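Colleague: Starting off with a structure, shown below.
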Amino acid sequence: MSTSLLPPSLPLIHGLTRDQLVEICRELDQPTYRARQIWDWLYHRFAADWSEMKNIPLGLRQALAQRLALASATITHTQSEAGEGTTTKFLIALPDGDWVEEVLIPARGRTTLCISSQVGCKFNCAFCASGQAGFRRNLETGEIVGQVIVAARSLGATPSNLVFMGMGEPLDNYDAVLAAVRIINDAEGLSLGARRITISTCGIIPGIQRLAQEGLQVELSISLHAPDDALRSRLLPVNRKYPLGDLLEACRAYAEQTGRLITFEYTLIQGVNDSPEQAHELACILRPIHARVNLIPLSTVAEFEGRAPTAPVVQAFLNVLERARINATLRISKGGGVDAACGQLRRRMIQTTDDGRQITDRRIQTTDN
Ligand code: SAH
Numbered sequence: 082m083s084t085s086l087l088p089p090s091l092p093l094i095h096g097l098t099r100d101q102l103v104e105i106c107r108e109l110d111q112p113t114y115r116a117r118q119i120w121d122w123l124y125h126r127f128a129a130d131w132s133e134m135k136n137i138p139l140g141l142r143q144a145l146a147q148r149l150a151l152a153s154a155t156i157t158h159t160q161s162e163a164g165e166g167t168t169t170k171f172l173i174a175l176p177d178g179d180w181v182e183e184v185l186i187p188a189r190g191r192t193t194l195c196i197s198s199q200v201g202c203k204f205n206c207a208f209c210a211s212g213q214a215g216f217r218r219n220l221e222t223g224e225i226v227g228q229v230i231v232a233a234r235s236l237g238a239t240p241s242n243l244v245f246m247g248m249g250e251p252l253d254n255y256d257a258v259l260a261a262v263r264i265i266n267d268a269e270g271l272s273l274g275a276r277r278i279t280i281s282t283c284g285i286i287p288g289i290q291r292l293a294q295e296g297l298q299v300e301l302s303i304s305l306h307a308p309d310d311a312l313r314s315r316l317l318p319v320n321r322k323y324p325l326g327d328l329l330e331a332c333r334a335y336a337e338q339t340g341r342l343i344t345f346e347y348t349l350i351q352g353v354n355d356s357p358e359q360a361h362e363l364a365c366i367l368r369p370i371h372a373r374v375n376l377i378p379l380s381t382v383a384e385f386e387g388r389a390p391t392a393p394v395v396q397a398f399l400n401v402l403e404r405a406r407i408n409a410t411l412r413i414s415k416g417g418g419v420d421a422a423c424g425q426l427r428r429r430m431i432q433t434t435d436d437g438r439q440i441t442d443r444r445i446q447t448t449d450n
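In this note's numbering, the protein residues as written are 82 to 450.
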């Protein structure tokens with residue numbers, strides 16, 4: 082469908098830790114400060130091409146270019162809501178021609194970047210466009226970091242917060258995601274604090290248990306969406322493998338071990354999981370856990386028939402949680418106008434291009450980034 086941008090065999094420079102880059106410079110008989118200069122180009126100036134690195138001798142740039150790939154991700158399409166300071170969705174082309182998407186959401190003095198961890202997803206949650214497009218592959222560490230770099234370049238600064246809520250299941254690509262988190266967290270690089278990085282999971286218990294041992298202060302978010310096994314298995318098939326009781330026990334252990342508050346995401350779907358009784362049940366199951374609930378009205382997707390409840394129903398659900406002293410907030414879906422629910426933009430673009438039709442949506446503009 083699309084052409085390859087790079088020879089896929091070269092490792093991505095954005096997948097290296099600072100120590101690994103120092104080691105490569107040493108192998109090339111370079112002083113340590115060269116690694117520092119290159120790191121600066123990568124993570125403070127968001128370099129997209131070796132030729133930008135003016136203070137690095139040409140010979141070294143050439144030697145690096147033979148060993149490492151620099152452009153790990155490229156923005157091919159940008160879709161923004163009208164006006165300043167609004168949500169922007171980027172479609173990102175990967176070196177092998179695959180696509181993922183990311184969303185930049187400015188709100189309340191922060192800029193949150195929502196990134197992908199896989200191309201597609203294996204988990205098939207009923208209302209998520211990513212899963213329904215099927216799974217293609219895991220992203221490499223350098224591709225995950227690369228998404229932050231292209232967004233930072235477009236923004237002119239490192240985003241203040243990062244969430245793994247784009248395409249894919251981060252705990253199903255554990256090693257690459259954790260390696261990326263450590264690079265993004267590096268105090269001499271992007272320096273994005275671990276507390277500002279959220280890993281969101283549909284409930285992969287072994288991943289949650291592993292994450293508890295990492296000694297990292299990252300935020301953990303669980304996509305819960307239902308207060309009982311029958312409904313959760315219908316909405317999130319992964320619940321058949323990792324049922325609610327075991328998941329909540331893993332969460333309780335995680336919170337105890339790390340001292341961190343866990344956020345439970347609950348997408349409200351009209352007539353499915355939005356009754357006051359279900360709110361009450363939710364409060365009961367979460368009471369033993371150091372938890373917070375994020376209520377998100379469903380964002381309509383073509384692949385799922387459900388819709389969001391009306392505002393009074395959402396408010397009534399929230400009231401039950403508050404009366405039960407569960408810390409809960411209502412998150413108004415940002416980016417509805419830009420297909421911000423998982424996988425929507427990629428899916429639409431693929432359908433459009435596979436059909437060979439022209440892209441007619443005026444909000445999608447090709448960027449020459
Ligand atoms: N696999 C991870 C991260 C990706 S999904 C996870 O499951 O957490 C990020 C969040 O968006 C999840 O909470 C997911 O359930 C939610 N989501 C997906 N499609 C949605 C939609 N159409 N409306 C509202 N939330 C949606």
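The beta carbon of each residue, even a glycine, is placed where N, CA and C say it ideally should be. What you are looking at is a predicted structure, and each value in this text was computed from that prediction instead of being measured.
Going straight from the alpha carbon of R412 to that of M134, what length do you get?
Modeller: As a first step, residue 412 is located in the sequence shown; it is residue number 331 there, counting from the start. As a first step, residue 134 is located in the sequence shown; it is residue number 53 there, counting from the start. Roughly 42 Å separates the two Cα atoms.
Colleague: To the nearest whole angstrom, what separates the beta carbons of I303 and R333, a pair I think is in contact under 8 Å?
Modeller: The residue labelled residue 303 in the question sits at position 222 within the sequence shown. The residue labelled residue 333 in the question sits at position 252 within the sequence shown. In fact, because the Cβ distance is near 11 Å, the residues do not count as touching under 8 Å.
Colleague: Is A360 near V401, with beta carbons less than 8 Å apart?
Modeller: Along the sequence shown, one-based indexing puts residue 360 at 279. Along the sequence shown, one-based indexing puts residue 401 at 320. Contact: yes.
Colleague: Go ahead and pull the three-state DSSP assignment for T434.
Modeller: Taking the first residue of the sequence shown as position 1, residue 434 is located at position 353. In this prediction, T434 scores a pLDDT of 43, lower than 50, which makes its location untrustworthy; no coordinate-derived value is stated.
Colleague: Using a 10 Å radius around the Cβ and a threshold of 16 neighbouring Cβ atoms, would you call S90 buried or exposed?
Modeller: By one-based count along the sequence shown, residue 90 stands at place 9. That one is exposed.
Colleague: DSSP three-state call for A331: helix, strand or coil?
Modeller: Looking up residue 331 in the sequence shown gives position 250. Note: A331 maps to helix in three-state DSSP.
Colleague: Per DSSP, what are the beta-bridge partners of L184 in this structure?
Modeller: Locating residue 184 in the sequence shown gives position 103, where the first residue counts as 1. The amino acid at residue 184 is misidentified as Leu; the sequence shows Val. According to DSSP, which records beta bridges pairwise, V184 is partnered with K170 and C195.
Colleague: Under a three-way DSSP split, which group does L271 fall into?
Modeller: The residue labelled residue 271 in the question sits at position 190 within the sequence shown. Coil, per DSSP.
Colleague: For I230, does the three-state DSSP call read helix, strand or coil?
Modeller: Your numbering for residue 230 matches position 149 in the sequence shown. DSSP places I230 in helix when its eight states are reduced to three.
Colleague: Whether or not the segment 324 to 342 and the segment 372 to 379 are in contact is what I'm after, with contact meaning three or more pairs of Cβ atoms, one per stretch, closer than 8 Å; do they touch?
Modeller: They touch, by the three-pair rule.
Colleague: Counting only the same chain and skipping the five closest in sequence on each side, list residues whose C-beta sits under 8 Å from that of A260.
Modeller: Taking the sequence shown and counting its residues from 1, the one referred to as residue 260 is at position 179. Once the five neighbours on either side are set aside, the close Cβ partners of A260 are G96, T98 and T222.
Colleague: Taking three-plus beta-carbon pairs below 8 Å as touching, is the segment 222 to 234 in contact with the segment 253 to 270?
Modeller: Because the criterion of three Cβ pairs below 8 Å is met, the segment 222 to 234 and the segment 253 to 270 touch.
Colleague: With DSSP as the reference, please indicate the residues paired to G201 in a beta bridge.
Modeller: Residue numbering aside, residue 201 sits at position 120 when the sequence shown is read from its first letter. According to DSSP, G201 bridges with F216.
Colleague: I'd like the span of the beta strand (DSSP E) that includes E346, first residue to last.
Modeller: In the sequence shown, the residue the question calls residue 346 occupies position 265. Run containing E346: I343 to L349, per the beta strand (DSSP E) assignment.
Colleague: For N266, which three-state DSSP category applies?
Modeller: As a first step, residue 266 must be located in the sequence shown, where it is residue number 185. Three-state DSSP puts N266 in a helix.
Colleague: Can you tell me whether Q147 is helix, strand or coil according to DSSP?
Modeller: Within the sequence shown, residue 147 is the residue found at index 66, counting from 1. Looking at Q147 - three-state DSSP - the assignment turns out to be helix.
Colleague: Helix or strand or just coil, what does DSSP make of V299?
Modeller: For the purposes of this step, residue 299 is identified with residue 218 of the sequence shown, where counting begins at 1. Of the three classes helix, strand and coil, the one that applies to V299 here is coil, per DSSP.
Colleague: How should C106 be labelled, buried or exposed, when 16 other C-beta atoms within 10 angstroms of its C-beta is the threshold for buried?
Modeller: Stepping through the sequence shown from its first residue, residue 106 is reached at position 25. Buried, because 16 or more other Cβ atoms sit within 10 Å of the Cβ of C106.
Colleague: Hey, P324 and L363 are a contact pair by Cβ (cut 8 Å); roughly how many whole angstroms apart?
Modeller: Taking the first residue of the sequence shown as position 1, residue 324 is located at position 243. Taking the first residue of the sequence shown as position 1, residue 363 is located at position 282. Contact doesn't hold; Cβ gap of about 16 Å is too wide.
Colleague: Which residue comes first and which comes last in the beta strand (DSSP E) that contains R373?
Modeller: Within the sequence shown, the letter at position 292 stands for residue 373. Element bounds for R373: A372 to P378.
Colleague: Going by Cα to Cα distance, which pick from G215, G274, R277 and L273 is closest to G249?
Modeller: Taking the first residue of the sequence shown as 1, we reach residue 249 at position 168. Of the listed residues, the one whose Cα sits closest to G249 is G215.
Colleague: Pull up the DSSP beta-bridge partners for A238, would you.
Modeller: For the purposes of this step, residue 238 is taken as the residue at position 157 of the sequence shown. Per DSSP, none; premise fails for A238.
Colleague: Run the proximity test for F398: is its beta-carbon closer than 7 Å to any non-hydrogen atom belonging to the ligand SAH?
Modeller: Looking up residue 398 in the sequence shown gives position 317. No; taking the cut-off as 7 Å, the Cβ of F398 has no heavy atom of the ligand SAH nearer than that.
Colleague: For V353, is the beta carbon positioned less than 7 Å from some heavy atom of the ligand SAH?
Modeller: On the sequence shown, residue 353 is found 272 positions in, with the first residue counted as 1. No, the Cβ of V353 stays beyond 7 Å of every heavy atom of the ligand SAH.
Colleague: For G244, which residues from the same chain have a beta carbon less than 7 Å from its beta carbon, with the 5 sequence-adjacent residues on both sides left out?
Modeller: For this step, residue 244 is matched to residue 163 along the sequence shown. In the sequence as displayed, the identity of residue 244 is Val instead of Gly. The residues are T193, C195, T279 and S281.
Colleague: Going by other Cβ atoms of all chains shown within 10 Å of its Cβ, with 16 needed for buried, is Y335 buried or exposed?
Modeller: Position 254 of the sequence shown, counted from the first residue, corresponds to residue 335. Buried, because 16 or more other Cβ atoms sit within 10 Å of the Cβ of Y335.
Colleague: L93: which of G296, L149 and W131 sits nearest, CA to CA?
Modeller: On the sequence shown, residue 93 is found 12 positions in, with the first residue counted as 1. Closest by alpha carbon: L149.
Colleague: Taking N408 as part of the beta strand (DSSP E), name the residues at either end of that continuous run.
Modeller: Counting from one through the sequence shown, the residue named residue 408 turns up at place 327. From DSSP, the beta strand (DSSP E) with N408 extends over N408 to L411.
Colleague: Buried or exposed for E386, please, with buried defined as at least 16 other CB atoms from any protein chain shown within 10 angstroms of its CB.
Modeller: As a position in the sequence shown, residue 386 is number 305, starting the count at 1. With fewer than 16 other Cβ atoms within 10 Å, it is exposed.
Colleague: In whole angstroms, what separates the C-alpha of R277 from that of S241?
Modeller: Residue numbering aside, residue 277 sits at position 196 when the sequence shown is read from its first letter. Residue numbering aside, residue 241 sits at position 160 when the sequence shown is read from its first letter. Between R277 and S241, the C-alpha separation is close to 7 Å.
Colleague: Please report the distance separating the alpha-carbon of I173 from that of S211.
Modeller: For this step, residue 173 is matched to residue 92 along the sequence shown. For this step, residue 211 is matched to residue 130 along the sequence shown. Distance between the alpha carbons of I173 and S211: 15 Å.
Colleague: Going by DSSP, name the residue or residues bridged to S281.
Modeller: Numbered from 1 along the sequence shown, position 200 holds the residue referred to as residue 281. S302, per the DSSP bridge assignment.
Colleague: Apart from the five residues just before and just after N254, which ones in its own chain have a Cβ nearer than 6 Å to its Cβ?
Modeller: Here residue 254 refers to the residue found at position 173 when the sequence shown is read from its first residue. The answer, listed in chain order, is S198, Q199 and N219.
Colleague: Quick one, are the C-beta atoms of R234 and A129 less than 8 Å apart?
Modeller: Along the sequence shown, read from residue 1 onward, the residue named residue 234 stands at position 153. Along the sequence shown, read from residue 1 onward, the residue named residue 129 stands at position 48. Yes, Cβ-Cβ distance for R234 and A129 is below 8 Å.
Colleague: Classify T113 as helix, strand or coil using the three-state DSSP reduction.
Modeller: Residue 113 sits at position 32 when you count from the first residue of the sequence shown. Three-state DSSP puts T113 in a helix.
Colleague: What residues are listed by DSSP as bridge partners for V244?
Modeller: In the sequence shown, residue 244 corresponds to position 163, counting from 1. According to DSSP, which records beta bridges pairwise, V244 is partnered with C195 and T279.
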